[in-house]
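Everything below concerns the one structure shown next.
Numbering (the UniProt record's numbering), first residue to last: 1 to 443.
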């Protein structure tokens, strides 16, 4: 577990609490420890225990409602390797949605024969022994290293010790050819039951891990994790494919979470004894689309509006749960308790944990509180009609001339011509003659 905690910290995931449950714990002790977990914010639990104790743990967790949609349970290989041999009723009723991980080795005839023989002859006598395939490969590697060194009459150096305890490590002898043996073991490579055996910097390379999901009366494989590629849907031991390292959830199959939840839980909620955040909202008579408060007959309030919807969506997007309540900035008679400046200052004084509303960001208010990014731009705006440039032609100047204007212009033209004819036809011979000639002269 310390190595697991160190690796989780590398990906910015910490273990805030470690619960130790002895194998001989009573049901009351298990329930008491589960109550401690319920009182905390974390809802992601890693179970590292044997199936005998693990089945009891999940049974009590089911009774306490800890297998609901807010929880995530991950079991290590100690339980995952034995899911196939566990009571199906326990998996079907108490472990639905549990995620398990276990080492995955390539299938082979040698591994199958060894597994059958191990379960038949050894497992009944030593039910707590696991990873026997790795132990077998380690013994083979050690034998090959000894054969390469060609040990003859090996001597063991012992330190002087007064201890009479047979399990005292200081009383054990040290091989005189230990350095040669380590060098030979480090360079030993072969294909064993668990795949390729090869030591890198004195450590065996991490094998691929299979990710399983407890559904129904058994477990279903949803993907794999490899050191080079991260999470993958399928794994191929015979063909080497180079891919970029990825931990995307799209690389694995569908996972059914506790409580028949299809989407991954947030893994973090407000503890049962925690307080809700007080979110202040202003009381305003104008622009109810932004924020509107309705008081019910039981003096409870209903907050609506664009600002409230934006805040709810922002909280929903967080990777953990946050409990909060809206508190109006109002007097006992439901009228506003002050101006927007006083509303902002109330947050600074601690009356509210945060404020939501149509609050303008100005310099003097920024001295007391921090504002989030604005979702509307402040300033003066001007509305102008849209100019249509599509109908451009040589007769565009005629568009402002309506039929009334055309009629008025024609009547004025005729009236002026008739007036000139009256004044000129007596003294001007051009305005005399036939009627059609006089009409033409007028126009």
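For each residue, glycine too, the CB sits at the ideal point set by N, CA and C.
DSSP lists 226 and 246 as the beta-bridge partner residues of residue 230. C-alpha of residue 300 to C-alpha of residue 97: approximately 38 Å in a straight line. In this structure, residue 303 lies near residue 326, with their beta-carbon atoms less than 7 Å apart. The three-state secondary structure of residue 349, taken from DSSP, is helix. Distance check between residue 132 and each of 314, 88 and 194 places 194 closest, using alpha-carbon atoms only.
Your pair residue 71 and residue 264 does not check out as a contact, with CB atoms roughly 12 Å apart and the cut at 8 Å.
Bounds of the beta strand (DSSP E) holding residue 292 are 292 to 295. Under the DSSP assignment, residue 72 falls in the beta strand (DSSP E) whose first and last residues are 72 to 75. DSSP, read as helix, strand or coil, puts residue 184 in helix. Following the DSSP letters along the chain, one finds residue 277 inside the beta strand (DSSP E) bounded by residues 277 to 282. Within 10 angstroms of the beta-carbon of residue 51 lie 16 or more other beta-carbons, which makes it buried.
Taking C-beta atoms as the reference points, residue 19 and residue 33 count as a pair closer than 7 Å.
Sorting 214, 281 and 416 by C-alpha distance to the C-alpha of residue 254 places 214 at the top. The alpha-carbon separation between residue 138 and residue 312 amounts to approximately 56 Å. The Cβ atoms of residue 91 and residue 217 sit closer than 7 Å to each other. If you check the CB distance, residue 186 and residue 199 come in under 7 Å.
Minimum Cα-Cα distance from residue 66 among the listed residues 77, 40 and 12 corresponds to 40.
Residue pairing from DSSP places residue 301 in a beta bridge opposite 295.
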